[in-house]
Amino acid sequence: MSIVRVALDAPLPRLFDYLAEDAVAADRGCRVAVPFGPGEKTGVILAVLATSDQPPEKLKPVRAVLRDMPPLPADWLALCEFCARYYQYPLGQVIAFALPPLLRRGKLPRPVKEKAIAAVPAPAVPPLLDEQAAAVAAIVAAADFQVFLLHGITGSGKTEVYLRAIAAVLADGGQALMLVPEIALTPQLEGRVAARFPNACIVSAHSGMADAARARGFLDGASGRADIVLGTRLSMFMPLPRLKLIVVDEEHDASFKQQDGLRYSARDVAVFRAKQLNIPIVLGSATPALESFHHATSGRYRLLELQRRAVAEALPSVATVDTRREKLLDGLSAALVAAIAARLERQEQSLVFLNRRGYAPVLACPSCGWISHCRRCAANLVVHLADRRMRCHHCGFEAAIPRGCPDCGNQDVQPFGRGTQRLETALQERFPEARVLRIDRDSANTPKKWQALLAAIHAGEADILVGTQMLAKGHDFPRLTLVGVVGADAALFAADFRAPERLFSQLMQVGGRSGRAALPGEVLIQTEYPDHPLYRALVHHDYAGFAANQLAERESAGFPPFAFQCLLRAESKTMEQSLAFLAQARAAAEPLAGTAVTLYDPVPMRLSRLMSLERAQLLVESASRPALQAFLAAWGETLYTLKAPRDLRWHLDVDPLEF
Ligand code: ADP
Ligand code: ZN
Ligand code: ZN
134 MSIVRVALDA PLPRLFDYLA EDAVAADRGC RVAVPFGPGE KTGVILAVLA
184 TSDQPPEKLK PVRAVLRDMP PLPADWLALC EFCARYYQYP LGQVIAFALP
234 PLLRRGKLPR PVKEKAIAAV PAPAVPPLLD EQAAAVAAIV AAADFQVFLL
284 HGITGSGKTE VYLRAIAAVL ADGGQALMLV PEIALTPQLE GRVAARFPNA
334 CIVSAHSGMA DAARARGFLD GASGRADIVL GTRLSMFMPL PRLKLIVVDE
384 EHDASFKQQD GLRYSARDVA VFRAKQLNIP IVLGSATPAL ESFHHATSGR
434 YRLLELQRRA VAEALPSVAT VDTRREKLLD GLSAALVAAI AARLERQEQS
484 LVFLNRRGYA PVLACPSCGW ISHCRRCAAN LVVHLADRRM RCHHCGFEAA
534 IPRGCPDCGN QDVQPFGRGT QRLETALQER FPEARVLRID RDSANTPKKW
584 QALLAAIHAG EADILVGTQM LAKGHDFPRL TLVGVVGADA ALFAADFRAP
634 ERLFSQLMQV GGRSGRAALP GEVLIQTEYP DHPLYRALVH HDYAGFAANQ
684 LAERESAGFP PFAFQCLLRA ESKTMEQSLA FLAQARAAAE PLAGTAVTLY
734 DPVPMRLSRL MSLERAQLLV ESASRPALQA FLAAWGETLY TLKAPRDLRW
784 HLDVDPLEF
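Numbering-wise, the numbering used here comes out as the position in the sequence shown, counting from 1, plus 133.
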């Protein structure tokens, strides 16, 4: 009689034993249908055993071992086990997440007829510049595990380096995995890869794909048919038997970190994966995450630098506009207005960057002090004048803009502050003859609208673009020669210690949009702090200086990468309950923490109420990652044994990015 130990999609940190008459050792990694509670679940067999720790009469027989696809390979299961351990998430739930939905449900995709690949004329491959050649040589020469940090500004030819390294891997019979932050924004990349490797089997993997296509891609990866996998963070969980190289483009991007369920960082898991398989990995960015840059300067990673743009063009000139002594009109300085006017005259494009959508962040009554609060969140309702609505950007709640103050009846309620819609209106009034186009998550709320907006910009149908960070990523607008930045100062003094890092990389990225063709670019940053080191570094295109400054501050404050953190978050109907649960968790942690781990006090989260749930968190920190991991291994188990009210939900977030 055989017993199978099964990982199931259940929120419990344990595996489940079942009887399976016909199971053999080779069934490890097979999916299996089992009875669970009143129903049935599909899980994955992690071990085939002769005995169980459970009494045999308590074990139920499996419904069926599913042998219709090859078992999931041992290295893939080990990857899931690592994630379960490192992120303190039940293994069964990790595996359920890592499997495409169709396979998770115990099904298989229908096979499709091979599409004949249209022969694309392969574009000429440019000879490499010296720095590129050195980078490619270093990567190609690495036979074992090694992390490369490829640091180069936008347009310096990083993608060309990836493509050359991938070419070497393919020539060697290997598979390559390339991660990008958002595949929806980078269809050009897919095109570029396909054009470069017309004979390779290229598989995409992202959450926007249909179930069947995603499952087919997974099976193509597992069978070794796929040569190149291109995808978002979840492509990290592709089984790839011949994997020889991992590339993480825009490695600093926050979207590599999943913010729910398995809260993993795809970049960090990628580094683990490379180590596990003993292969090289390339992390690329114009503004590396400070964690990565710290590793590169301290020698753990190897730094590869591309110092100049591949196509001979100057970097945009960056300057600050001191707004302390100037009365701004609609938030715009005279210098920025003049610069826009000059672009209009020359029929070039301008972009005004404001990372806040809506018309105004809040509606307020000057007579009684009423402001537009969300009923469900500790946040304000944002004014959307275009459709006369107020919306919560956290939970989606919306209401009509009231005619008068709901509290005192005053007819003169006013929008305060400025969002992209208000800026759009102001620019249109200022430049009535110009074509102003707004690009944010409201105007580009579907992929179709987004593509239409991009097409309009490329066709030269816009003179002035107003946009959020949506515009910052990966698009070349040949006639764009001016980027104006407004309202950025708030991030300098935000409570989140990562805010300056994010601002720097955003402004570098958005500034990089200007002057990419024959026309030189100019960036104007409106600020009341023109001498702030962050802006000085931007003016001098000095990432290294900015990073050194920030890292010194982080070190003296004891922040990552000089400390390792984990948050326990709890949410429930009342703040008392949430805090009480965390206090209980803290008491349970005390005997486990030792001297190397610091436990902080439970506190309400910054956004203390979201969708009518009161949220609190408890920070745990250590200067040693192994010490924190050892602590979490013990604490994680005990959390399941704590008493919690029915409506309370909790989770651990290891290496949290948001507080
Ligand atoms: P990045 O990924 O750093 O933004 P890319 O690899 O996309 O840079 O290169 C930017 C532009 O320069 C692209 O149009 C690319 O075709 C071109 N390019 C890259 N390397 C070379 C080279 N060695 N010679 C000529 N053009 C190059
Ligand atoms: Zn009022
Ligand atoms: Zn809300």
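Yeah, the Cβ is synthetic: ideal placement off N, Cα and C, and Gly gets one too. Since the structure is predicted, the reported quantities are computational estimates derived from the model, not experimental observations.
- In this structure, M369 has its CB at a distance of at least 8 Å from all heavy atoms of ligand 3.
- For G225, the enclosing alpha helix (DSSP H) stretches over residues L224 to A231.
- DSSP places Q187 outside both helix and strand once states are collapsed to three, so it counts as coil.
- Checking the 8 Å criterion, the Cβ of P759 is out of range of every heavy atom belonging to ligand 1.
- Residue environment analysis places E686 among the exposed positions, since fewer than 16 neighbouring C-beta atoms fall within 10 angstroms of its C-beta.
- The criterion of a C-beta distance shorter than 9 Å is not satisfied by Y220 and L701.
- Look at which beta carbons fall closer than 6 Å to any heavy atom of ligand 2; those residues are C498, S500, C501, W503, C538, D540, C541 and N543.
- Note on K377: 16 or more other CB atoms within 10 angstroms of its CB, so buried under the neighbour-count rule.
- Counting only the Cα atoms, L261 lies some 14 Å from E438.
- Residue side-chain check: T420 keeps its Cβ at 8 Å or more from all non-hydrogen atoms of ligand 1.
- At a cut-off of 8 Å, the beta-carbon of G172 does not count as near ligand 3: no heavy atom of the ligand is closer than that.
- Per the C-alpha coordinates, the member of N578, A474, P539 and F637 positioned closest to A567 is A474.
- Proximity of the beta carbon of V402 to ligand 1 is not indicated: no heavy atom of the ligand is located closer than 8 Å.
- Rounded to the nearest whole angstrom, the C-alpha separation of S483 and A749 is 43 Å.
- Distance check between C498 and each of R536, R347, A533 and N543 places N543 closest, using alpha-carbon atoms only.
- P759 sits in a helix when the DSSP states are folded into three classes.
- A distance below 6 Å between beta-carbons, with the five flanking residues on each side excluded, links D382 to the following residues of its chain, in chain order: V313 and G417.
- Less than 9 Å divides the Cβ of R349 from the Cβ of P242.
- Take Y222, set aside five residues on each side of it, and the residues of its chain with a beta-carbon closer than 6 Å to its own are L395, in chain order.
- Proximity of the beta carbon of G491 to ligand 3 is not indicated: no heavy atom of the ligand is located closer than 8 Å.
- With 5 Å as the limit, the residues whose C-beta approaches any heavy atom of ligand 3 more closely are C507, R509, C510, C525, H527, C528 and F530, in sequence along the chain.
- In the three-state reduction of the DSSP assignment, D786 falls in the strand class.
- Relative to ligand 1, the beta carbon of G162 is positioned no closer than 8 Å to any heavy atom.
- For D455, the enclosing beta strand (DSSP E) stretches over residues S450 to D455.
- A contact is defined here as three or more CB-CB pairs under 8 Å, and the region 225-243 meets this definition with respect to the region 158-178.
- The three-state secondary structure of P724, taken from DSSP, is helix.
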